[in-house]
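Residue numbers for the sequence shown follow this note's numbering, beginning at 4 and rising by one. Notes follow the structure.
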Amino acid sequence: MPGIVAFTIFAFIFTFGEYVALKTKATFSAVFVVGITLLLGFWFGLPPEIFDSAAILPIASILVGILLTGMGNMLDFESLKQQWKTVVIATLTVTFATAGVYLIGQFIIGRDLALAGAPIFSGSTTASIVMTTALTELGKDQLALFVVLMLVCQTFVGIPTASYLLKIAARKYLASDASKQPLKSETIDATGTQKRKPLQLPDDFERPSMTMAKLGLVTIFAYYTSAAMNGAISYIVIALVYGTIFTELGFLEKNALENTKSYGFMLFVCTLMIFSNLANATPNDLFELLIPLAVVLGVGVFGACVSGVVVGRIFKVEECMAICMCLTCMFGFPTTMFMSNEVAQAIGKDEKEVEILENYLRPNMITAGFITGIISIFLAGFVAGII
Numbered sequence: 004m005p006g007i008v009a010f011t012i013f014a015f016i017f018t019f020g021e022y023v024a025l026k027t028k029a030t031f032s033a034v035f036v037v038g039i040t041l042l043l044g045f046w047f048g049l050p051p052e053i054f055d056s057a058a059i060l061p062i063a064s065i066l067v068g069i070l071l072t073g074m075g076n077m078l079d080f081e082s083l084k085q086q087w088k089t090v091v092i093a094t095l096t097v098t099f100a101t102a103g104v105y106l107i108g109q110f111i112i113g114r115d116l117a118l119a120g121a122p123i124f125s126g127s128t129t130a131s132i133v134m135t136t137a138l139t140e141l142g143k144d145q146l147a148l149f150v151v152l153m154l155v156c157q158t159f160v161g162i163p164t165a166s167y168l169l170k171i172a173a174r175k176y177l178a179s180d181a182s183k184q185p186l187k188s189e190t191i192d193a194t195g196t197q198k199r200k201p202l203q204l205p206d207d208f209e210r211p212s213m214t215m216a217k218l219g220l221v222t223i224f225a226y227y228t229s230a231a232m233n234g235a236i237s238y239i240v241i242a243l244v245y246g247t248i249f250t251e252l253g254f255l256e257k258n259a260l261e262n263t264k265s266y267g268f269m270l271f272v273c274t275l276m277i278f279s280n281l282a283n284a285t286p287n288d289l290f291e292l293l294i295p296l297a298v299v300l301g302v303g304v305f306g307a308c309v310s311g312v313v314v315g316r317i318f319k320v321e322e323c324m325a326i327c328m329c330l331t332c333m334f335g336f337p338t339t340m341f342m343s344n345e346v347a348q349a350i351g352k353d354e355k356e357v358e359i360l361e362n363y364l365r366p367n368m369i370t371a372g373f374i375t376g377i378i379s380i381f382l383a384g385f386v387a388g389i390i
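Structure representation (structure tokens):
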């Protein structure tokens, strides 16, 4: 198959997935639709060598480190400081739930399946990229397939569960004194001048080609740092950390990948790398993984509920809201935004109540989803080194 034909087929499949996600407001996520479409395609005649024809895997293996550096570059510490309680709750609850997946799951489905599923439950397509890359290199194709199955299916458990609990949290918030407080609006102080950072280059260098070169340099630094540690920490995880550090030092400008208009392409290519594990999957392979899938999702949701209740009480946050912060790991953005808007419109009796609920739900859910995604990358990097 000609490379351009293979690449275009992938592009159309992703377009279809994103269209369905848009029309269903992410009830059917793009990842789910793409995964099912490719799986059925391989079963009904799509050649497995399509990935080789499109040269996806070698390109993705190069770009994945730069993608992670760019994700670290997107961290906004000022916003996270304002939402510190959400950050702490999301961190604690998803860590507890993920630990439960491994500690309990290993006695039911075995160590390897529990270990492979834990970081994927905690969220993020990028965590799946880290895990599938490591598992494929180790020749553990069945575990890599399980990771893909987790990524594709967990939204169908997470979305209805979180939506139900978020409605309870919304009703309780409207009945509380907190909802009677005047709405806060963000104010930006535009009078100050921005101080130049230690490694910030002159503005003349801020061009797409130079930005890509700087992202590449930081990623190379991460690669050799990992090599110096004998791979104890995945270079992909180090790239995420270095992306944050070098942004704070001024070497990388904020949202570098977005500024080069390359983020969408990189995510497209690197996500395709995950689905390469579906090429040779048989119906029997999937059937054998259904019970482990149910165990990981069941234990994970149970852990989210228990940790949400405990941590919510400690920080005096409504328990259902705390549970939902944890469950954002199962679907992430933009579902966090869609769900917040839909619940606000469903529960609010007038425009004022809808606005009150949106201002309460959206910041908590979006921030929590971002944090659980970042945590999942660290967990995936750790697990990839010990599995």
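The beta-carbon is built from N, C-alpha and C at its ideal position, and this holds for glycine as well.
Three-way DSSP call (helix, strand, coil) for residue i in this model
{"i": "F290", "result": "helix"}
{"i": "T370", "result": "helix"}
{"i": "N435", "result": "Any property of residue 435 remains undetermined from this structure, which presents the chain solely from 4 to 390."}
{"i": "L204", "result": "coil"}
{"i": "T250", "result": "helix"}
{"i": "M77", "result": "coil"}
{"i": "P51", "result": "coil"}
{"i": "F336", "result": "coil"}
{"i": "S265", "result": "coil"}
{"i": "I377", "result": "helix"}
{"i": "N85", "result": "Reading the sequence as shown, one finds Gln at residue 85 and not Asn. Three-state result, Q85: helix."}
{"i": "M232", "result": "coil"}
{"i": "P5", "result": "coil"}
{"i": "A130", "result": "helix"}
{"i": "V320", "result": "coil"}
{"i": "D144", "result": "helix"}
{"i": "F10", "result": "helix"}
Same chain only: Cβ atoms within 7 Å of residue i, ignoring 5 sequence neighbours per side
{"i": "A58", "result": "G6"}
{"i": "F54", "result": "L60, S279 and A282"}
{"i": "V304", "result": "V160 and T164"}
{"i": "G384", "result": "V133, I236, S237, I239 and V240"}
Residue i to residue j span [Cα, whole Å]
{"i": "I171", "j": "I380", "result": "30 Å"}
{"i": "F290", "j": "F15", "result": "28 Å"}
{"i": "V221", "j": "I377", "result": "19 Å"}
{"i": "L25", "j": "F224", "result": "38 Å"}
{"i": "G126", "j": "F318", "result": "23 Å"}
{"i": "S56", "j": "M74", "result": "28 Å"}
{"i": "F110", "j": "A117", "result": "9 Å"}
{"i": "L43", "j": "N283", "result": "11 Å"}
{"i": "V314", "j": "I92", "result": "6 Å"}
{"i": "I248", "j": "M340", "result": "28 Å"}
{"i": "K355", "j": "Q348", "result": "11 Å"}
{"i": "M269", "j": "F10", "result": "14 Å"}
{"i": "A137", "j": "A387", "result": "6 Å"}
{"i": "V67", "j": "K175", "result": "43 Å"}
{"i": "Y287", "j": "I12", "result": "In the sequence as presented, Tyr is not what sits at residue 287; that position holds Asn. Distance between the alpha carbons of N287 and I12: 26 Å."}
{"i": "D192", "j": "V299", "result": "For D192, the predicted model reports a pLDDT of 42, less than 50, meaning its position is unreliable and no value from the coordinates is stated."}
{"i": "P211", "j": "P205", "result": "14 Å"}
{"i": "Y52", "j": "I65", "result": "The amino acid occupying residue 52 in the given sequence is Glu; Tyr does not appear at that position. Taking the straight line from one Cα to the other gives about 20 Å."}
{"i": "Y245", "j": "Y226", "result": "11 Å"}
{"i": "G372", "j": "G103", "result": "19 Å"}
{"i": "K217", "j": "A259", "result": "10 Å"}
{"i": "K352", "j": "G311", "result": "28 Å"}
{"i": "L78", "j": "L243", "result": "10 Å"}
{"i": "A230", "j": "M134", "result": "18 Å"}
{"i": "G108", "j": "D207", "result": "54 Å"}
{"i": "T190", "j": "L148", "result": "For T190, the pLDDT reaches just 38, beneath the cut-off of 50, and the residue's location in the model is therefore unreliable, leaving the point undetermined."}
{"i": "V357", "j": "I350", "result": "7 Å"}
{"i": "F336", "j": "L292", "result": "27 Å"}
Spatially closest choice to residue i from the options, by CA coordinates
{"i": "F254", "options": "L202, F268 and M215", "result": "L202"}
{"i": "A178", "options": "E321, D207, T228 and A137", "result": "E321"}
{"i": "K257", "options": "T72, L116, K26 and V23", "result": "T72"}
{"i": "L70", "options": "T285, F10, L382 and I132", "result": "I132"}
{"i": "T331", "options": "K352, A349 and L364", "result": "L364"}
{"i": "C323", "options": "A9, T136 and A173", "result": "A173"}
{"i": "G301", "options": "K217, Y105 and G388", "result": "Y105"}
{"i": "T129", "options": "L281, C273 and T370", "result": "C273"}
{"i": "D144", "options": "D353, R316, I53 and T285", "result": "T285"}
{"i": "T30", "options": "Q86, A147, I39 and F159", "result": "F159"}
{"i": "N262", "options": "L141, T214, V240 and L292", "result": "T214"}
{"i": "R199", "options": "G38, E251, A231 and Y238", "result": "E251"}
{"i": "Q86", "options": "L141, I62, F149 and T370", "result": "T370"}
{"i": "M4", "options": "N344, L49, F19 and N76", "result": "L49"}
{"i": "N76", "options": "I39, T139, I123 and Y266", "result": "Y266"}
Nonlocal neighbours in the same chain, by C-beta distance under 6 Å from residue i, ignoring five residues either side
{"i": "V90", "result": "L83 and I374"}
{"i": "N367", "result": "T89"}
{"i": "I112", "result": "P295 and V298"}
{"i": "E21", "result": "A33"}
{"i": "T228", "result": "I241"}
{"i": "L169", "result": "C327 and V346"}
Sequence-distant residues of the same chain with beta carbon closer than 8 Å to residue i, five excluded per side
{"i": "I389", "result": "L118"}
{"i": "C308", "result": "I326"}
{"i": "V8", "result": "S56"}
**Item:** Segment contact flag, the segment 27-41 with the segment 143-155, C-beta cutoff 8 Å, min 3 pairs
**Value:** When Cβ pairs closer than 8 Å are counted between the two stretches, the segment 27-41 is seen to touch the segment 143-155, the count reaching three or more.
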